[in-house]
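Accompanying notes for the structure given below.
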Amino acid sequence: MKKIIIIIAAVFALYSCEDATDIVQPSEFGFDAAFQNAQDVKTAVYGVYGAVNSTSEIQFATQVTDECSLGSAGNNGSDTHRLQINVNNGFANAIWANNYAAILRANILFEGAALVTPTEAADVALYNEALGENYALRAFAYSKLLTHFAEDLNDPNSLGVILIDFVPSVETRLPRSSVQDVVDFINNDLQEAENLLTTAGTGYSPIFVSVDFVRALRARVNAYVGDYGTATTYANAVLGNFTLPTTASEADFRTIWQDVAGAAETNEVIFKFDNTLAVGSSMGQIWNTNLSDATGSPLYEVSRNLYQTLEDNSTNFGDIRRNIWIDPSSTIVADYPNDPNPQQNDRIVVDKYPGDPALPGLTGGLTNDQKVFRTVEMHFILAEAAVVNGDLPGAAAQIKIIRDARYTNQQAAPSYGSAQAAWADILNERKIELFAEGHRFADIKRLGALANQGYDRNETDCSLYPTPECDLGFSDVRTQYLPIPAAEFQGNPGIEQNPNF
Amino acid sequence: MGTFWSVAGRWNLHKEKFMENATFINSLKLRASYGTTGNDRISSTYYGALNNTRTLFGTGISYADNQTFVRTQLGNTDLRWETIKQANVGIEFAMLDSRLRGTLEVYDKKTEDLFFSRFVSLVNGVSSQNANLGDIQNRGVELGISYDVLRANNKDQLGVNVYANVNYNRNKVLFVDLPDGLQDNGTNVIQVGEQINEFFVVPYLGVNPANGNLLFEDINGNPTEAPTLEDRRLTGTDSAPDFQGGFGINLDYKNFFFETQFNFMTGLSRFDFNQQDYYDITSLGLYNLSADLERAWTPTNRITDIPSLDATNSDPGVTSDRFLKDSDFLRLRFVQLGYNFDQKLLDKTFLSSGRIYVNAENLITWSEWLGSDPESQRLSEYNRYPTPRTISVGLDLNF
C-alpha cells in the first residue's frame with residue numbers, strides 16, 4: 007500500500023474577523039440617519055416631488071391619441087403612435103413604475119416622519135406642511151395610476167390599481183383594489199393634506215403643493231369617476247381664488263407658456279411643476295428634437311385635424327390659441343391629402359412649450375414648467391357637472407366663459423340640443439384648450455362614449471406610418487386603459503390583467 | 058468572508074500489483090475531488106454587493122433644485138454567499154504502447170443560493186433585487202481522446218492521428234426560493250425541475266390565410282391572433298449547448314503534413330433578432346429589409362410564410378418562437394496542407410529549414426442558423442465583423 011499515493015489536502019480556513027458583508031462604511035446613509043428632525047422630513051418631500059414630476063403621461067397622450075401626428079423627424083413613429091399597445095408598452099411600464107416609485111418615496115417619508123416628534127412651533131408647522139404635501143403628492147400619483155390603468159372609471163367595482171400605504175418588502179405581492187377603494191384612498195389623502203396644510207398655515211405657491219392644489223386635484227378625481235357633486239364643490243372652491251380673464255389677449259396668454267410670471271399666470275395656473283436646467287429639463291423634446299420651430303426636427307406635430315379646427319377658429323372667432331399652440335415658422339401645405347411628401351413638407355410645429363426665455367442655451371429652449379392644474383379645467387368640470395344635472399344652458403355658460411378668454415371676437419353661448427351634443431362640444435373644447443397637457447387619453451376614456459367620439463385621426467396623418475390602424479372608437483380597449491406592464495407580472499404573478507391584454 | 062474547504066486525491070493504479078499483468082495499459086490514474094467554493098464575483102465584479110444587505114439612502118438635487126435624499130438601495134437582509142459544491146471523478150489513461158491516450162471526467166456541480174436578480178413587484182420602486190434565488194445542478198462528462206492510428210517510424214511511412222474532445226453538460230434547477238418555484242424572466246424561466254433559463258414562449262403557427270395576421274397557439278392548443286403572457290410554455294430548449302467539442306485528424310507522409318480541426322455545438326437555441334429586425338414591417342420605408350417580405354401575404358397570395366405587411370399583430374407583446382432558432386453547428390475550424398523542404402536539399406543552400414503551406418480557418422460551417430455566425434453568443438450582429446473565413450498561403454524560410 008505504500009505505493010499508493012494519496013494526496014489529501016484539506017484546508018479549513020477559520021477566521022475570527024467580521025464577515026465582509028458586516029463591515030459598515032462610515033459614509034453609509036441608513037434610515038436612522040436620514041430622518042432625525044422636522045427639517046429632514048421637509049427635505050425628503052422634495053424627493054417625492056421629483057418622482058411625481060414625470061412627463062410620461064403627457065408623452066403617452068401625445069403619441070396615442072389624435073392630438074398629434076408624426077413629425078418630419080419622427081420616422082415611422084413609436085409603437086404607441088401606431089396603436090400597437092401590448093404588455094411591454096414603454097409608457098405602461100413608465101407610468102406604472104414612476105408613480106409607484108413616487109408612492110414608495112411618500113410611504114418611506116411617512117415611516118421616517120413617525121420617528122420624529124417636533125416640539126418647537128416652527129418645527130411643528132414645517133413638519134405638518136411636509137406631511138400635507140406628502141399626502142397630496144401621493145394622491146396625485148394615485149390619480150395618474152387610476153386614470154391610466156383603471157378598467158372603468160364609471161364602475162366603482164371594476165379593477166383599479168394596487169393600494170399600498172406602507173413600505174413593502176420584496177415579498178409583498180398585492181392585488182388590485184377596486185376603483186371605489188382607490189378613489190376613497192385619494193379622497194382620504196386629500197382630506198389629510200387639506201387639514202395639515204391648513205394647520206401649518208401653508209401659503210399659496212404655483213410650484214409647491216397648496217390647499218388650491220389639493221382642491222383642484224379633488225375636483226378632477228371626483229369628476230373623473232362621476233361624483234360631480236364633490237367635484238363641483240372643490241372646483242368652485244378653487245375658482246374663489248382663480249379667475250379666467252374675460253377677454254382674450256394673445257400677448258398675455260403667451261406669457262403662461264413661456265413661464266413668465268405675471269397676471270396671466272396668477273389667474274390661470276393653479277399648479278405647475280417647476281422644471282429647471284438641472285432637474286426636469288427638456289420636456290419640449292416630447293415634440294421637437296432641438297427647438298420648437300420648423301427646423302428643429304419635429305418628432306410629433308399638431309395633428310392635421312386639430313390644426314384645421316384651430317385655423318377655422320382663428321379665422322372665424324380670432325382664437326388666440328392658433329398662434330400659441332402652433333409655431334409661426336410652421337410650413338403648412340394647402341393640399342395636404344395630395345402632397346407628394348406630407349411628412350416632410352407639412353410641418354405644424356408644437357409651440358406650446360416654446361422654452362423658457364430666462365433659461366440659456368439649447369436646453370433652455372426645450373425647458374418649460376409642466377402645467378398640471380389650470381383655472382380653465384375647473385370651468386370644464388362645472389360644465390360637465392351641468393350636463394350630468396341636465397342643465398345644458400349651464401354647461402354652455404361655462405364653455406362661453408372659457409371661449410371668451412380665448413376668442414378675440416366673442417361669440418354667444420352655444421346652444422346644445424342634447425346631452426350628447428353638449429358632451430361632444432366639451433370634449434372638443436378640451437381637446438383644443440388642454441392640447442399637449444396629457445388630458446386627451448383620460449377624456450376619451452371617460453367621456454368618449456357620452457360624446458360618441460373616439461380618436462379621429464386624419465387619413466393622411468395615418469399614412470405617415472406603415473401600419474394600417476388609424477382611428478380608434480371609444481369602445482376599443484386601447485382608448486380605455488393601458489395593460490398592467492409585464493414587469494409587474496414578473497414580480498407579482500397573481501395580479502389581474504385588464505381585459506383583452 | 059466565508060469558510061470553504063476542499064479535498065482531493067489521486068491513485069496511480071498502474072503502479073499497483075494487480076495491474077502488472079495488464080501490459081497493454083501504460084498508465085492509469087484515478088483521481089477524485091470534492092470541495093466547496095464561494096463566489097465573490099457577483100454583480101459583475103469582485104465584492105460588488107457587499108452592502109446589499111442594508112437599505113441605504115442617497116442625497117442629491119431634486120425638485121426645483123432643492124437638496125433631498127431618497128432611498129437608493131433596498132436591503133436584502135437574507136443575502137448569503139453563493140456556494141458551489143463540486144465533485145469530480147476522473148480517469149487518465151494511456152494504453153496500447155501509449156497510442157491511445159485520454160481522459161474521462163465526470164462532474165457534479167451544485168450551486169446553492171444562486172446569486173441572481175430576483176423580480177419584485179414595482180411597488181418596491183425597483184423591478185428586481187439581488188437575492189439568493191435557489192439551487193442549480195450541473196452534471197456533465199468530459200472526454201478527451203487521442204489515437205495514433207498509424208505511427209510513422211521514419212518519414213517515408215504514413216502517420217495518422219485522430220483526436221476528439223467532447224463535453225456533455227445538463228443543468229437542472231433544484232430549488233427556486235419563490236412562492237411558485239418559478240421566476241419569470243420574460244422569454245425564459247427559472248423553474249424547479251427544468252433547465253435554467255429554459256425558453257418560455259408562445260408557439261408561432263404561421264400566417265392566417267384569411268387576413269395575413271400572425272397566428273399563435275394559445276395555452277389550450279387553439280390558434281389565436283392575440284396571445285397573452287398566459288399562453289407561454291416551456292420549450293425544452295435553452296441557450297447553453299448540451300454537447301460541444303472538437304475533433305480532427307492529422308496526417309504526416311514523407312515531407313507532407315495535413316491537419317484538420319472541427320468544432321461543434323448541439324442542443325442550443327437562440328433568438329435571431331437580426332432576422333426579426335429584417336422582417337419588421339414597422340421599419341418599412343426606413344431601413345433595408347429582407348427581400349423575403351416580397352412573399353408577404355396579400356389577398357391573392359394567401360398561402361405564404363410571411364405575414365401581411367399590414368398585419369395588425371406583428372408585435373403582440375408576448376414573445377413567440379417565430380425567431381427562436383436552433384444554433385447547432387459543425388464548423389471546419391482549421392485545415393492545413395503543407396510541405397517541408399527536404400533537409401538534404403537545404404544543406405546545399407544558405408537555408409537552415411523551409412516549408413510551404415496553405416491553410417484555412419472557418420472554411421465551412423454547417424448550420425441551420427441564418428445569421429452570420431452560429432457560434433456567437435451575441436444577441437445581435439449589427440456593426441460587428443462576423444468570424445472571418447481566412448485562407449492563407451505561406452512560405453517559411455529560416456536561415
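Residue numbers (this note's numbering), protein chains in the order written: chain A, 7 to 507; chain B, 58 to 456. Where is the CB? At the ideal position from N, CA and C, for every residue including glycine.
Just to confirm before moving on: does the CB-CB distance between residue i and residue j stay below 8 angstroms?
i, j, result
"Tyr471(A)", "His87(A)", "yes"
"Gly159(B)", "Gly201(B)", "yes"
"Tyr55(A)", "Leu115(A)", "no"
"Lys278(A)", "Ile213(A)", "yes"
"Leu196(A)", "Val173(A)", "no"
"Asn218(B)", "Val206(B)", "yes"
"Asp299(B)", "Asn226(B)", "yes"
"Val339(A)", "Asn329(A)", "no"
"Phe37(A)", "Gly118(A)", "yes"
"Ile354(A)", "Phe259(A)", "no"
"Leu271(B)", "Glu255(B)", "no"
"Ala108(A)", "Thr238(A)", "no"
"Ala254(A)", "Ala411(A)", "yes"
"Val249(B)", "Phe273(B)", "no"
"Glu274(A)", "Leu250(A)", "yes"
"Arg175(B)", "Ser185(B)", "yes"
"Leu203(A)", "Ser211(A)", "no"
"Gly243(B)", "Gln416(A)", "no"
"Lys2(A)", "Ile101(A)", "Coverage of chain A is limited to positions 7 through 507, which leaves residue 2(A) absent and any answer about it impossible."
"Asp110(A)", "Gly182(B)", "Rather than Asp, the amino acid found at residue 110(A) in this sequence is Leu. Yes."
"Asp225(A)", "Ile64(A)", "It is Ala, not Asp, that sits at residue 225(A) in the sequence shown. No, they are not a contact pair."
Run the CB neighbour count on residue i, radius 10 Å, all protein chains shown included, and call it buried at 16 or more, exposed below.
i, result
"Thr168(B)", "buried"
"Gly488(B)", "Within the shown structure, residues of chain B are numbered from 58 to 456, placing residue 488(B) beyond reach of any answer."
"Asn504(A)", "buried"
"Lys311(B)", "exposed"
"Glu135(A)", "buried"
"Glu251(B)", "buried"
"Phe456(B)", "exposed"
"Thr447(B)", "exposed"
"Trp263(A)", "buried"
"Leu343(B)", "exposed"
"Ala418(A)", "exposed"
"Ala98(A)", "buried"
"Val64(B)", "exposed"
Grouping DSSP H, G and I as helix and E and B as strand, with all else coil, what is residue i?
i, result
"Phe61(B)", "coil"
"Arg452(A)", "helix"
"Tyr439(B)", "coil"
"Pro343(A)", "helix"
"Phe407(B)", "coil"
"Phe59(A)", "Reading off the sequence, residue 59(A) comes out as Asn, not Phe. The answer is coil: DSSP assigns Asn59(A) none of H, G, I, E or B."
"Tyr396(B)", "strand"
"Cys23(A)", "Caution applies to Cys23(A), whose pLDDT of 47 falls short of 50 and renders its modelled position unreliable; the value that the coordinates give is listed next. DSSP places Cys23(A) in coil when its eight states are reduced to three."
"Thr123(A)", "coil"
"Tyr471(A)", "coil"
"Val231(A)", "coil"
"Arg144(A)", "helix"
"Glu443(A)", "coil"
Nearest by alpha-carbon distance to residue i: which of the options is it?
i, options, result
"Ile276(A)", "Asn59(A), Val382(A), Val394(A) and Val227(A)", "Val382(A)"
"Tyr261(B)", "Phe75(B), Asn397(B), Asp383(B) and Val375(B)", "Val375(B)"
"Leu436(B)", "Asn397(B), Leu381(B) and Ile448(B)", "Leu381(B)"
"Thr357(B)", "Val259(B), Gly269(B), Gly132(B) and Gly303(B)", "Gly269(B)"
"Gln376(A)", "Ser481(A), Ser164(A) and Ala442(A)", "Ala442(A)"
"Leu341(B)", "Leu366(B), Pro284(B), Trp138(B) and Gln400(B)", "Leu366(B)"
"Gly460(A)", "Pro304(A), Ala131(A), Leu368(A) and Asp482(A)", "Asp482(A)"
"Tyr313(A)", "Ser336(A), Ser469(A) and Gly396(A)", "Ser336(A)"
"Ala243(A)", "Ala222(A), Asn140(A), Asn94(A) and Ala147(A)", "Ala222(A)"
Return yes when the C-beta of residue i is under 7 angstroms from any heavy atom of the ligand NAP, and no when it is not.
i, result
"Ile64(A)", "Annotation note on the ligand NAP: not contained in the displayed structure, which lists no ligands."
Runs of beta strand (DSSP E) lying entirely within the stretch 282–329 of chain B, each at least 3 residues, in chain order
300–310, 313–323 and 326–328
Can you check the stretch 225–249 of chain B for any beta strand (DSSP E) of at least 3 residues that lies completely inside it and give the ranges in chain order?
239–241 and 245–248
Check: Which runs of the beta strand (DSSP E), 3 residues or longer, sit entirely within the stretch 117–171 of chain B?
Finding: 123–130, 140–152 and 157–169
Next on the checklist: Give the list of continuous alpha helix (DSSP H) stretches no shorter than 4 residues that lie fully inside the stretch 284–350 of chain A.
Outcome noted: 310–323 and 328–331
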